[in-house]
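Participant:
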Amino acid sequence: MTIKAVLFDMGNTLVKYDVDIFEEVYDRILTSLGISRSIDEIKRAFEKTEEEAKKNGLLSSFGKIACEEFWHCWDSLILKHLNITEKEELAGTIQSKWFDFLESTLYPEVREVLSELRNRQVKVGLISTAYEEEIHLLMKKIGLEKTTFDVIVGVDTIKKAKPDPAVFKYAINQLNVAPEETMFVGDKIEADYKGAKNAGLHALLINRSENPPKELTIIGNLTEILTRIG
Ligand SMILES: [Mg+2]
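In my numbering, the protein residues as written are 93 to 322.
1. Is D101 near ligand 1 - that is, is its Cβ less than 7 Å away from at least one heavy atom of it?
2. Quick check on F100: buried or exposed, where buried means 16 or more other Cβ atoms within 10 Å of its Cβ?
3. Measuring alpha carbon to alpha carbon, tell me which residue in T249, L297, I219 is nearest K280.
4. By Cβ distance, which residues of its chain are closer than 8 Å to F154, with the 5 residues on each side in sequence left out?
5. At which residue ranges does the stretch 253-285 contain complete beta strand (DSSP E) runs of 3 or more residues, listed in the order of the chain?
6. Would you say the stretch 130-139 touches the stretch 169-186, given that touching needs at least three Cβ pairs under 8 Å?
7. Measure from the alpha carbon of Y199 to the alpha carbon of each residue in N313, R320, I321, then state which is nearest.
8. In whole angstroms, give me the CA-to-CA distance for V269 and L230.
9. Could you check what DSSP says for F100 in three-state terms: helix, strand or coil?
10. How many whole angstroms separate the CB atoms of V98 and V277, which I take to be in contact at a CB cut-off of 8 Å?
11. State buried or exposed for A183, treating a residue as buried only when at least 16 other CB atoms are found within 10 Å of its CB.
12. Have a look at K233 and F260 and give me their C-alpha separation to the nearest angstrom.
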């Protein structure tokens with residue numbers, strides 16, 4: 093197979109976070125503000141927020157309304173379910189502090205793999221279910237140049253999210269490559285692996301745990317891409 097482009101998911105594929113669940117980031121921010129809530133209380137608030145956001149249409153507006161507006165509404169709901177007053181101001185504070193309290197690093201092999209792909213004249217792209225401005229903020233924070241990727245697709249780029257095939261098709265159209273010439277690598281079965289396959293791309297599921305499921309095409313480390321693309 094001749095692969096002319098490799099597209100990557102961001103979180104848990106290229107970028108490692110120092111938390112397992114985002115509730116922990118909330119915990120850190122609230123603690124820094126002198127507000128004490130247990131992680132279980134925060135988890136429950138997340139569940140209630142998700143339920144309410146489904147009902148009131150906020151969840152389906154993700155990627156369709158402005159980044160700041162979405163997160164302001166989301167954080168206001170979380171604070172409401174944590175019984176915290178003064179939600180307006182606090183919601184803004186949480187948003188502005190988010191990436192200060194979420195430690196993010198590139199997995200160790202990322203730079204080498206990206207530069208080897210460049211050497212082989214393979215195009216590289218990023219498809220993430222984050223807003224474009226969040227992607228750029230994170231890239232800046234971890235020291236990735238804007239020119240690292242030939243295409244960056246966020247949830248607001250065409251206002252659709254993985255696994256919608258339109259997202260993958262948009263990326264390959266931008267790169268002027270065919271689906272069968274493109275490899276997608278991500279860590280989520282439905283959004284990444286199946287989403288890419290449904291759009292006609294080759295897909296690799298990355299699973300860095302010691303006991304990955306066996307039935308799918310799985311890699312444990314991004315360097316394995318290099319042997320698979322010929
Ligand atoms: Mg991911």
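For glycine and all other residues, C-beta sits at the position ideal for the given N, C-alpha and C.
Facilitator: This is what the structure gives:
1. Looking up residue 101 in the sequence shown gives position 9. The beta carbon of D101 sits closer than 7 Å to at least one heavy atom of ligand 1.
2. Counting from one through the sequence shown, the residue named residue 100 turns up at place 8. The residue is buried, with at least 16 neighbouring Cβ atoms inside 10 Å.
3. The count along the sequence shown starts at 1 and reaches residue 280 at position 188. The option with the nearest alpha carbon to K280 is L297.
4. For the purposes of this step, residue 154 is identified with residue 62 of the sequence shown, where counting begins at 1. So the list reads F162, V247, A253, once near-sequence residues are dropped.
5. Runs of the beta strand (DSSP E) lying entirely within the stretch 253-285, each at least 3 residues long, are 274-278 in chain order.
6. Counting Cβ pairs under 8 Å, three or more are found: they touch.
7. Taking the first residue of the sequence shown as 1, we reach residue 199 at position 107. From the listed residues N313, R320, I321, the smallest Cα separation to Y199 is found for N313.
8. Residue mapping note: residue 269 aligns to position 177 of the sequence shown, counting from 1. Residue mapping note: residue 230 aligns to position 138 of the sequence shown, counting from 1. When rounded, the distance between both Cα atoms is 27 Å.
9. Residue 100 sits at position 8 when you count from the first residue of the sequence shown. Collapsing the DSSP output to three states places F100 in a strand.
10. Residue 98 sits at position 6 when you count from the first residue of the sequence shown. Residue 277 sits at position 185 when you count from the first residue of the sequence shown. With a beta-carbon spacing of about 7 Å, V98 and V277 fall inside the 8 Å limit used to define contacts.
11. On the sequence shown, residue 183 is found 91 positions in, with the first residue counted as 1. Result: buried.
12. Start at 1 with the first residue of the sequence shown, and residue 233 comes out as number 141. Start at 1 with the first residue of the sequence shown, and residue 260 comes out as number 168. For the pair K233 and F260, the Cα-to-Cα distance works out to about 26 Å.
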